[in-house]
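A short write-up of the structure that comes next.
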Amino acid sequence: MTIAREGAARGPGLGAHLLRDARRRRGLSQRALAKRSGVAQSTISTIESGRQQPSVVMLAKLIEATGFRIDARLVNAIRPSQLLADHRHEVEAVFARYPIQRGWVFGSVARGTDGPGSDLDLLVEFEAGTPFAEQVGLDDELSGVLGCRVDVVATTDLETNELFQRRVMRERKALTSAA
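Reading the sequence shown from the start, the letters are residues 223 to 401 in our numbering.
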């Protein structure tokens, strides 16, 4: 396995910190980790000091030898309002596959306070008499298109919660003018 040498002037990077933390949490010396992983102790030292940046494969191998694993996930870094604006046509295409009459945004997107970790709250009016089975999956399909969590509330769901209904009705903005 190779170790990239770029970035040495910047000091220890994330890989160095993760490796050192994993090794120390397990009470392992560099020598013990070298024995477990089959990687030379001098290489481990060079990585932990930041003189070399490990490849992802090398870092995963070393951390797994400590009994941990790297759990990397993509985390949305774009506001849902921006995602909605950028993917308006795709959202319209999803809506066209469902018996929807109208839609609104509410919550942080409608208030203009959404951040990258926010979800997208949608209020949807389905055609009268639409069975629940035909409503299922809309939130998941929209989440897939937008890359953020989407919560869909049907207008009929508001009938059972007057306080929630007042808040949603006060905040809501038509999807055509929301983003």
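Each residue gets a CB set at the ideal place from its N, CA and C atoms; glycine is no exception. The structure presented is a predicted model; accordingly, all values stated were derived computationally and were not measured.
Distance between residue j and residue i (C-alpha atoms, nearest Å)
| i | j | result |
| --- | --- | --- |
| E347 | H311 | 19 Å |
| V372 | A262 | 48 Å |
| R253 | I269 | 14 Å |
| L255 | Q387 | 58 Å |
| A226 | D243 | For A226, the pLDDT reaches just 43, beneath the cut-off of 50, and the residue's location in the model is therefore unreliable, leaving the point undetermined. |
| A355 | D362 | 14 Å |
| T398 | I292 | 42 Å |
| G237 | R324 | 48 Å |
Proximity below 8 Å, CB of residue i to CB of residue j
| i | j | result |
| --- | --- | --- |
| L360 | H309 | no |
| S251 | L284 | no |
| S277 | P234 | no |
Any C-beta of chain B under 8 Å from that of residue i
| i | result |
| --- | --- |
| R253 | This model lacks chain B altogether; it includes just one protein chain. |
Residue from the options whose Cα sits closest to the Cα of residue i
| i | options | result |
| --- | --- | --- |
| T352 | A376, D336, E363, R273 | A376 |
| A396 | Q274, F328, H239 | F328 |
| S365 | D379, V313, G325 | V313 |
| G334 | G237, R273, R394 | R394 |
| K257 | L240, V390, D379, A287 | A287 |
| A307 | G289, V331, Q323 | V331 |
| S374 | W326, E384, A350, R389 | Strictly speaking, residue 374 in this sequence is Val, with Ser absent from that position. With distances taken between Cα atoms, V374 lies closest to W326. |
**Prompt:** Do the segment 335-346 and the segment 287-305 make contact, defined as three or more Cβ pairs closer than 8 Å?
**Reply:** With a cut-off of 8 Å, the segment 287-305 and the segment 335-346 count as touching, because enough Cβ pairs lie within range.
**Cβ contact check for the segment 312-332 and the segment 292-299: 3 or more pairs under 8 Å** = no
**Continuous beta strand (DSSP E) assignments of at least 3 residues falling wholly in the segment 284-340** = 322-328
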